[in-house]
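By the count of our numbering, the sequence shown reaches residue 368 at its end, each step adding exactly one. Have a look at the structure below, then the notes.
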Amino acid sequence: MSKNAKSTIIIRKRKSAKHGHHGGSWKIAYADFMTAMMAFFLVMWLLSSSTPQELQQVAEYFKMPLRTAMAQGNRMSLSDSVIPGGGDDMVKQDGEVLKKTLHRLDQKKSQSNLLRARERLESMIESDPRLSNFQSNLRIYLTDDGLLIQIVDSKERPMFRRGSKIIEPYMNDILYALAPVLNELPNRISLTGHTDSIPYSSGEQGYSNWELSADRANASRQALVRGGLDDERFLRVVGTADRMHLDNTTPDDPINRRISVLVLSKQKEKDIVDEDKPPQNAADTPDSEQIKAKLDNLLTESGAAAVKTNSIPEKVE
């Protein structure tokens, strides 16, 4: 081979291949992930700030979404019924919503009746001679508890004989005039007797202002019944002695000797009826069982201690 011969050098150049364009699909996936996380934390925050009743409503929706849909809205109540419109029957029309509406209408009607009764009584006081002469002894108020009619005493015109439950004749006339108006109202009545603070000589252990106020209240009830008021209308008749004197008066002021006739609103009537109702199954609650067990232990321990204290020690020889 000739020395001048040149070797052939082959150079191979590799072109770097660029990756293909992937687009923005990863951004959409990332946005979906962030949205899901935001929704998750929002749900967690709502659950942590919700009441147990609201959580129960959410659970009921997922158990049976059709019920809530047919109820046309959320079930925002503590009733056993899942559906505001119909209770167990999903298409019934006399459920919770209707009951609440009727309750509000009933309250408005009751308040309207009491307002009309007040206007009629005020008109009677001006026109009826049995009442017009005693305007200073009659006070009428429309309160949240109902229509309050107070017949107050005065030094010149005591309603009862001194220290007695015997009604004076003009007090009888007042009660007889009130009876027909009260009889027209469907509301029930609470009647309360009050006295001043002047005590009896026998003290509180004998016949006292407690007995006198209760006797006067009952005597007023009897006079109203004689005047035509249905006796079934009375829900309670009580005496409070001198414990509830009027504002801006001294306890011994004669004006505190009064009879209060309260024509009850529906809500106040319900509150009074529910006052003395014991809780359901109160004797079967765990707390009561624990209390019984503790009492039994205390009685057993006290009995053992008494036996130990009263025992005579044997003689040691």
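Ideal Cβ placement from N, Cα and C applies to all residues, glycine included. Since we're looking at a predicted model, the values are computed, not measured.
For this session: From the DSSP output, in three-state form, read off R167 for me.
Result: As a first step, residue 167 must be located in the sequence shown, where it is residue number 116. Three-state result, R167: helix.
Exercise. To the nearest whole angstrom, what separates the beta carbons of D196 and L313, a pair I think is in contact under 8 Å?
Worked result: In the sequence shown, the residue the question calls residue 196 occupies position 145. In the sequence shown, the residue the question calls residue 313 occupies position 262. Rounded, the Cβ-Cβ distance is 6 Å, consistent with contact.
Exercise. Who does S241 pair with in a DSSP beta bridge?
Worked result: Your numbering for residue 241 matches position 190 in the sequence shown. Partner residues in the beta bridge of S241, as assigned by DSSP, are R287, L313.
Problem set entry | Same chain, Cβ closer than 7 Å to I249, five either side skipped, listed in chain order | Locating residue 249 in the sequence shown gives position 198, where the first residue counts as 1. Within its own chain, the residues whose Cβ lies closer than 7 Å to the Cβ of I249, once the five positions on either side in sequence are excluded, are D303, listed in chain order.
For this session: Taking 8 Å as the cut-off, decide whether the C-beta atoms of L230 and L275 are in contact.
Result: Residue mapping note: residue 230 aligns to position 179 of the sequence shown, counting from 1. Residue mapping note: residue 275 aligns to position 224 of the sequence shown, counting from 1. One point to set straight first is that residue 230 is Ala, not Leu, in the sequence displayed. Taking 8 Å as the cut-off, the Cβ atoms of A230 and L275 count as close.
Exercise. Using the beta-carbon count (16 or more within 10 Å), is R63 buried or exposed?
Worked result: Start at 1 with the first residue of the sequence shown, and residue 63 comes out as number 12. Answer is exposed; the Cβ neighbour count stays below 16.
Problem set entry | Euclidean distance between Cα positions of R212 and I218 | Taking the sequence shown and counting its residues from 1, the one referred to as residue 212 is at position 161. Taking the sequence shown and counting its residues from 1, the one referred to as residue 218 is at position 167. Taking the straight line from one Cα to the other gives about 7 Å.
Problem set entry | Selection from F91, S215, L315, V203 that minimises the alpha carbon distance to L166 | Within the sequence shown, the letter at position 115 stands for residue 166. Looking from the CA of L166, the closest CA among F91, S215, L315, V203 belongs to L315.
Exercise. What three-state label does DSSP hand Q201 in the structure shown?
Worked result: Position 150 of the sequence shown, counted from the start, is the residue given in the question as residue 201. Strand at Q201.
Exercise. Given that a residue counts as buried once 16 or more other Cβ atoms are within 10 Å of its Cβ, and exposed if not, what is L198?
Worked result: Indexing the sequence shown from 1 puts residue 198 at position 147. Burial is judged here by how many other beta carbons sit within 10 angstroms of a residue's own beta carbon; L198 has at least 16 and is buried.
Exercise. Residues bridged to L189 by DSSP?
Worked result: Mapped onto the sequence shown, residue 189 falls at position 138. Looking at the DSSP assignment, L189 forms a beta bridge with I202.
Exercise. Exposed or buried, V203, counting other C-beta atoms within 10 Å across all chains shown (16 or more means buried)?
Worked result: Along the sequence shown, read from residue 1 onward, the residue named residue 203 stands at position 152. When all chains shown are included, V203 counts as buried.
For this session: Please report the residue range of the alpha helix (DSSP H) in which N223 lies.
Result: Residue mapping note: residue 223 aligns to position 172 of the sequence shown, counting from 1. Secondary structure note for N223: its alpha helix (DSSP H) is the uninterrupted segment 220–234.
Problem set entry | Close-in-space but distant-in-sequence residues of the same chain around N260 (CB under 6 Å, 5 per side omitted) | On the sequence shown, position 209 is the one that residue 260 refers to. Same-chain partners within the cutoff: T246, A292, D293.
Problem set entry | 8 Å CB neighbourhood of S205 in its chain, flanking five on each side removed | One-based indexing of the sequence shown puts residue 205 at position 154. Once the five neighbours on either side are set aside, the close Cβ partners of S205 are S187, N188, P305, I306.
Exercise. Buried or exposed: where does N299 fall if 16 or more other Cβ atoms within 10 Å of its Cβ makes it buried?
Worked result: Stepping through the sequence shown from its first residue, residue 299 is reached at position 248. Per the 10 Å Cβ criterion, exposed.
Problem set entry | From E235, L297, A82, G290, residue whose alpha carbon lies closest to that of A168 | As a working mapping, residue 168 is identified with position 117 in the sequence shown. Answer by Cα proximity: E235.
For this session: Would you kindly check if the distance between the Cβ of A265 and the Cβ of I310 is under 8 Å?
Result: The residue given as residue 310 occupies position 259 in the sequence shown. The residue given as residue 265 occupies position 214 in the sequence shown. Judged by beta-carbon spacing, A265 lies beyond the 8 Å limit of I310, meaning their Cβ atoms are not closer than that value.
Exercise. On the three-state DSSP scale, how would you describe T300?
Worked result: Taking the sequence shown and counting its residues from 1, one reaches residue 300 at position 249. In this structure, DSSP gives T300 a state outside helix and strand, which the three-state scheme calls coil.
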